[in-house]
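Numbering (our numbering), first residue to last: 10 to 418.
Note that CB positions come from ideal geometry on N, CA and C, so glycine has one too.
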C-alpha cells in the first residue's frame with residue numbers, strides 16, 4: 010500500500026513494529042515468497058522509482074512515541090493496517106487472545122487519541138473485516154441497519170456476531186471509532202474487508218525485493234492461498250467441513266484501489282463511514298473447484314479432501330452482503346478467473362522447494378481446544394532456536410527436507 014500511494018505522488022511515511030516477523034519465528038511459519046528487511050525494501054523502492062518512503066520502527070501501543078510521531082508529521086490521512094490479522098492465532102490460547110486484543114484495541118485507541126490531539130482534521134482509514142458481521146440470515150448492509158421496532162424507526166450500527174477473538178477485537182475497534190466520530194468530530198472510514206487473494210501488483214512486480222507476503226499455513230494463510238500451494242505441491246486441497254462457508258473475496262489490486270478511493274474521497278468531520286470492501290462471494294467448495302479446473306487446464310491432476318472443521322462456524326448458510334459504496338466511488342474490480350489462478354500457481358511453483366507439507370495439511374488450532382500438537386511442535390522448536398536465527402534458516406531447516414521427501418515420493 011505504501012508503494013502504491015508513493016507512486017501516485019503522496020508523501021508516505023510507513024510505520025511498523027515488525028511484530029509479524031516475530032510471530033513467524035514463534036510459530037515456525039513463513040512467507041513462501043522471501044521478504045527482505047524494511048530498510049532493504051524502502052531503499053530498493055527509491056532506487057527503482059526515485060520516490061522516497063520514510064520508514065519508522067514504531068509500536069502503536071507505545072502512546073508516547075506515537076504522540077510524538079503524530080506531532081512531527083501531522084498527516085492528512087492515516088491508513089491503519091497495523092493489527093494482528095489472524096483468527097487462528099487469536100484462538101491458540103489465552104495468551105494469544107489477550108495479545109491480539111491488546112495489540113489491536115489499544116493500538117487503535119492510541120491512534121485515535123493521537124489524531125484527535127495532534128492532527129484533528131486527519132482522516133482515519135481503518136481496515137476492518139467482514140468477519141465482524143458473522144453470517145446472519147438476513148442481508149448484510151454496509152455498516153448500518155434501519156430497523157422498525159414497536160412502531161419506531163432508527164438507523165443503528167449493524168449487529169455483529171464475530172467468528173473469533175480476533176474478529177471481536179475488530180468489533181471493538183469499530184465501536185471505538187464510531188464513538189470517536191461522535192465525541193470529537195473525527196473523520197473516519199471503516200473498511201470491512203473480505204478475504205484477499207493474489208500477491209502481485211504493479212509495484213511488487215518491479216523487483217523481487219518488493220514482493221508482498223504469500224502465507225499458506227493454517228495460522229496465516231487464506232483458503233485460496235492454501236489450495237494453490239497444496240495443488241502446486243501435489244497434495245490434496247483440504248476443505249474444512251462441508252465447504253459451504255461463504256465469504257466475500259477481492260484481488261489485492263482492488264484492496265489498493267479501495268483504500269485509495271477512501272483517501273481521495275474523505276469522510277466529513279464527525280462522519281463514520283463503513284464500506285464493505287470485497288468484490289465477489291464464494292464458498293470453499295467453489296474455490297477448490299476453480300483451482301482444480303485451473304490445474305487440470307495445465308495437465309495436472311488435483312484432488313480435494315474434506316477434513317474435520319477446526320472452527321466453530323456454520324458450514325451451510327445464507328450470505329448476501331451489500332458492497333456498492335466503493336463501486337459508486339469508481340472501483341473497477343478485478344474478478345477471480347482461471348488466468349489469475351494460473352498466475353498464482355505459477356508463482357507458487359517457483360518456490361515449491363520451500364513448501365513444508367505439515368504446515369499445509371494439518372490445522373494447528375482448534376476453536377474449542379486451542380493449539381494442538383502441530384502448533385506445539387513448531388512453537389517448541391522455535392523457542393530453542395538462537396535469537397539470531399533468521400527466517401531463512403528456519404525455512405531451510407524445516408521446509409526443504411520435507412519438500413525433498415515429497416518430491417522423491
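- Here DSSP, grouped into helix, strand and coil, assigns residue 286 to strand.
- Residue 270 places its beta carbon 8 Å or farther from that of residue 368.
- DSSP places residue 304 in the helix class (H, G or I) of the three-state scheme.
- Three or more beta-carbon pairs drawn from the stretch 68-84 and the stretch 117-124 are found closer than 8 Å, and the two stretches are therefore classed as touching.
- According to DSSP, residue 291 shares a beta bridge with 256.
- Contact holds between the stretch 53-64 and the stretch 214-228, because three or more Cβ pairs, one in each stretch, are under 8 Å apart.
- Under the three-state reduction of DSSP, residue 31 is assigned to helix.
- If you compare the alpha carbons of 335, 59, 135, 105 with that of residue 266, the shortest gap goes to 335.
- Taken through DSSP and simplified to helix, strand or coil, residue 118 comes out as helix.
- The beta-bridge partner set that DSSP reports for residue 133 consists of 87, 197.
- Residue 137 sits close to residue 201, with the two beta carbons spaced by under 8 Å.
- Annotation: the continuous beta strand (DSSP E) that includes residue 63 extends over 62-66.
- Between the C-alpha atoms of residue 310 and residue 346 there is a straight-line separation of about 19 Å.
- For residue 164, the CB contacts under 6 Å within the same chain, skipping 5 residues up- and downstream, are 153, 155 in chain order.
- By alpha-carbon distance to residue 15, the top candidate from 147, 211, 244 is 211.
- The beta carbon of residue 303 lies closer than 7 Å to those of 347, 350, 351, 354 in the same chain, with the five residues before and after it left out.
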